[in-house]
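Student:
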Amino acid sequence: MTTPSITTAGPSGGTGLPVAPNLRRRPRPGETVIRTILMLSALISVLITVGILVALVRPVLDFFAEIPFGEFFATEGTYAVVPLVTGTLMVTAIALLVSVPLGLGAAMYLSEYASRRARKVLKPTVELLAGIPSVVYGFFALSFVTPTLLQDILGMEIGFTNALAAGLVLGVMVIPTIATLSEDAMSAVPQALRQGSLAMGANRMQTTIRVVFPAALSGISAAVVLGMSRAIGETMIVALAAGGQKNLSADPREGMQAMTGFIAQTAGGENPVGSTEYNSLFAVGLLLFTMTLVLNVISISFVRRFRQEY
Amino acid sequence: MSAATTARDVTEAFTARRSKDRSTPSLVFLGLLWFSLFFGVIVLLVLIVSTILEGAGRFDMELLTNYGSTVDTEHTGFRAGILGTVWLMVFTALFAVPLGIAAALYLEEFADKERWWNRFIEVNLQNLAAVPSIVYGLLAVAVMALIGFEETGIVLGGALALALLILPVVIITTREAVRAVPQEIRHGSLALGATQWQTTWRQTLPSAIPGIATGTILGLSRAIGEAAPLVVIGLAGSVRFDPEGVLSPITALPMQIYSLTSRPQEELQTAASAAIIVLLVLILALNGMAIFIRNKFQRSW
């Protein structure tokens, strides 16, 4: 039995309590069974990750048995993925242009200016934006942002579906992700740094921009990268509002299909299981999973760095 | 804790009513921060108001009691979607909650955090929480094929996809709730001769229940609005009968909204707007329940 003594089993509270005597336990088979069941439940989370990989890779192998690599990583053709990637990147870039400044601004206010009571009310309000279902945002982009905001008020010549409306709405949806994580990072900056800056005669704005912001940069980077990963992986907004045609154009006023939109639109169609069209779903899905995985890992390592700093 | 708040208070006292913060650039900066804070709220208000205005013509009982119809568009309803969503939520919770709690208890109470595999599980969980929801749909399709179901647009398939999606959220929030239970309670129980499992089951878990309930409900309120994994698992856009069992084909409220947006008829767009309001009310109710539980039952130690 390699089980550690009872006192080290739980999280160490650090409450300064005296360490309990190291009692040797007598073997209890029931406890071992329960412990094993709990451990298996925890292992299911690993199994899910493995499952995702297996579920994606198997149809992808079938897919590449029929379609050569070159045809998949091509700029045009039925199975070309490059226009989907550029579509995703276009929508994501617009979303970040909206959500990074606004999310950071909100985070700076919450962390540096708001009183404790105001923050208690304001933070959940910002987080409300994350609670709206994405299909609702997609409908909003289609029924309000494009026809009313972009066409009527701003007078733009723009199609029914376009990357701009999808990106703008997606940006609003990502604001809370960036705001809450950056706020955590900025709140973790020690007060001594702020007091030092204020004592040197800097005002609040200078302290926020020149001291707190750089000190929290790794946490803020984590927030932005995670926001990017969210934007890339978001489906319903782009499926509804960004359009259903592959388009390599760099003009955000045109409709362009994104990776997630392609998966949703193809899966909603009538392709028989095992057909090449059906398997192409999984190929795009695997690419999407890989992209978000890389971003998530980068984000997690950034977070760990700022945790270590302070 | 108290040291940190004191330091913050000092900074605040330091910066209160200083003339330097009244300079033009400072005020402009503060204005920009205010703008970014309230931009989202403004968008939210515009979204809700414009949707209510658009769906105003359809706030009637038929919206809730009729089945969807693309022929009789003025009387189309969301009965199948609402019932389907309720069924999905029940089965999603049945799958995800016991598993999530068990995993969280292992990680918090039993696992040795120094071991590399437990740290690996941690990082893996953080990553899973950020995997795009549509990928969970693809995973659920594969799992359904593995258990031998050809027809996947059923209660079981949808609930499986959503349960996989919210499992990381349930595990992460349950862990936080369990971690908030003070060590003294565990020590007291262990000192009285209880085993580790007896301590967990009779002391730690009951104390953590309000936190777990709040986290679970918030996870479900995320699942209730998800359409992407349901599209992939093959839920129909419209079904004209009530769900009868786990193997019954169903639709869900977000699925019905999604399929209506591609319809040209004006009446169906109105119906979709009204359905969005129904969906938002359901989400609001779930969130309200979570806040109620948190305020009513959660103890601060």
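Note that the protein sequences, when read in sequence, are chains A and B.
Heads up, the first sequence is in the working numbering, so the first residue is 1 and it goes up one at a time.
Heads up, the second sequence is in the working numbering, so the first residue is 1 and it goes up one at a time.
The beta-carbon is built from N, C-alpha and C at its ideal position, and this holds for glycine as well.
#1: In chain B, which residues lie less than 9 Å from residue 144 of chain A when you measure between Cβ atoms?
#2: Please name the residue, chosen from A:302, A:278 and A:298, that lies closest to residue 79 of chain A on a Cα-to-Cα basis.
#3: Alpha carbon to alpha carbon, how far is residue 9 of chain B from residue 289 of chain A? Give it in angstroms, no decimals.
#4: For residue 276 of chain A, verify whether its CB is less than 7 Å away from any heavy atom of the ligand SAH.
#5: By DSSP, does residue 182 of chain B sit in helix, in strand, or in coil?
#6: On the three-state DSSP scale, how would you describe residue 2 of chain A?
#7: List the whole-angstrom C-beta distance separating residue 78 of chain B from residue 190 of chain B, where the pair is believed to meet the contact cut-off of C-beta under 8 Å.
#8: May I ask you to list, following chain order, the residues of the region 62-86 of chain B that have a beta carbon less than 7 Å from some beta carbon of chain A?
#9: Of all the residues that make up the region 259-293 of chain A, which are near chain B by a beta-carbon distance shorter than 8 Å?
#10: Does the beta carbon of residue 122 of chain A sit closer than 8 Å to a beta carbon anywhere in chain B?
#11: So who's on the other strand from residue 249 of chain B, going by DSSP bridges?
#12: Kindly give me the distance between the Cβ atoms of residue 37 of chain B and residue 255 of chain A, rounded to whole angstroms, as I take these residues to be in contact under 8 Å.
#13: In or out: residue 194 of chain A buried (at least 16 other Cβ within 10 Å) or exposed?
#14: Using the beta-carbon count (16 or more within 10 Å), is residue 131 of chain B buried or exposed?
#15: What are the boundary residues of the alpha helix (DSSP H) that includes residue 194 of chain B?
#16: Measure the alpha-carbon distance for residue 60 of chain A versus residue 87 of chain A and round it to whole angstroms.
#17: Can you name the residues of chain B whose CB is closer than 8 Å to the CB of residue 74 of chain A?
#18: Straight-line CA distance for residue 213 of chain A to residue 154 of chain A?
#19: Would residue 245 of chain A be called buried (16 or more neighbouring beta carbons within 10 Å of its own) or exposed?
#20: Would a check of beta-carbon distances place residue 132 of chain B closer than 8 Å to chain A?
#21: Residue 295 of chain B versus chain A: which residues are under 7 Å apart at the beta carbon?
#22: Assuming residue 232 of chain A contacts residue 92 of chain A under a Cβ cut-off of 8 Å, what Cβ separation, rounded to an integer in Å, is found between them?
#23: Just to check my reading of the structure: residue 106 of chain B and residue 39 of chain A have Cβ atoms closer than 8 Å, yes? What is that Cβ distance to the nearest angstrom?
#24: If you drop the 5 nearest sequence neighbours on each side, which residues of the same chain put their C-beta closer than 6 Å to that of residue 62 of chain A?
#25: Could you confirm whether any beta carbon from chain B is found closer than 8 Å to the beta carbon of residue 49 of chain A?
#26: Please identify, using Cβ separations under 7 Å, the residues of the region 100-121 of chain A that lie next to chain B, in order along the chain.
#27: Buried or exposed for residue 203 of chain A, please, with buried defined as at least 16 other CB atoms from any protein chain shown within 10 angstroms of its CB.
#28: Is the region 236-254 of chain B in contact with the region 135-153 of chain B, if contact means three or more CB pairs nearer than 8 Å?
#29: Could you check what DSSP says for residue 93 of chain B in three-state terms: helix, strand or coil?
#30: According to DSSP, simplified to helix, strand and coil, what is residue 268 of chain B?
#31: Does the distance from the CB of residue 174 of chain A to the CB of residue 99 of chain A come in under 8 Å?
#32: Measure from the C-beta of residue 11 of chain B to each C-beta in chain A and report whether the shortest distance is under 8 Å.
#33: If we ignore side chains and look at the alpha-carbon of each, how far apart do residue 68 of chain B and residue 32 of chain A end up?
#34: Do residue 177 of chain A and residue 227 of chain A have their beta-carbon atoms positioned less than 8 Å apart in this structure?
#35: Counting C-beta neighbours from all protein chains within 10 Å, is the total for residue 301 of chain A 16 or more, i.e. buried, or is it exposed?
#36: Would you say residue 139 of chain A reaches chain B, if we count a Cβ-Cβ gap shorter than 8 Å as a contact?
Tutor: Let me lay it out:
#1: 46, 47, 50, 51 and 54
#2: The candidate whose alpha carbon is nearest that of residue 79 of chain A is A:278.
#3: 45 Å
#4: As for the ligand SAH, it is missing from this structure, which has no ligand bound.
#5: Three-state result, residue 182 of chain B: coil.
#6: Confidence at residue 2 of chain A is low in this model, with a pLDDT of 44, below 50, so the placement of that residue is unreliable and no value is reported for it.
#7: Your pair residue 78 of chain B and residue 190 of chain B does not check out as a contact, with CB atoms roughly 53 Å apart and the cut at 8 Å.
#8: none
#9: 260, 263, 264, 267, 268, 273, 281, 282, 285, 288, 289, 292 and 293
#10: Interface criterion met: the Cβ of residue 122 of chain A is under 8 Å from a Cβ in chain B.
#11: The bridge partners DSSP lists for residue 249 of chain B are B:154.
#12: That belief does not hold up - the Cβ atoms of residue 37 of chain B and residue 255 of chain A are roughly 32 Å apart, past 8 Å.
#13: buried
#14: buried
#15: Per DSSP, residue 194 of chain B belongs to no alpha helix (DSSP H) and is neither H nor E.
#16: 22 Å
#17: Those within 8 Å of residue 74 of chain A in chain B number zero; the least Cβ separation is about 23 Å.
#18: 34 Å
#19: Result: exposed.
#20: yes
#21: The contacting residues do not exist; residue 295 of chain B stays about 13 Å from chain A at best.
#22: The Cβ separation is near 5 Å, so the contact holds.
#23: 5 Å
#24: 279
#25: yes
#26: Residues passing the 7 Å Cβ filter: 101, 102, 105, 106, 108, 109 and 113.
#27: buried
#28: Under the three-pair Cβ rule at 8 Å, the region 236-254 of chain B counts as touching the region 135-153 of chain B.
#29: helix
#30: helix
#31: yes
#32: So, interface residue.
#33: 53 Å
#34: yes
#35: exposed
#36: yes
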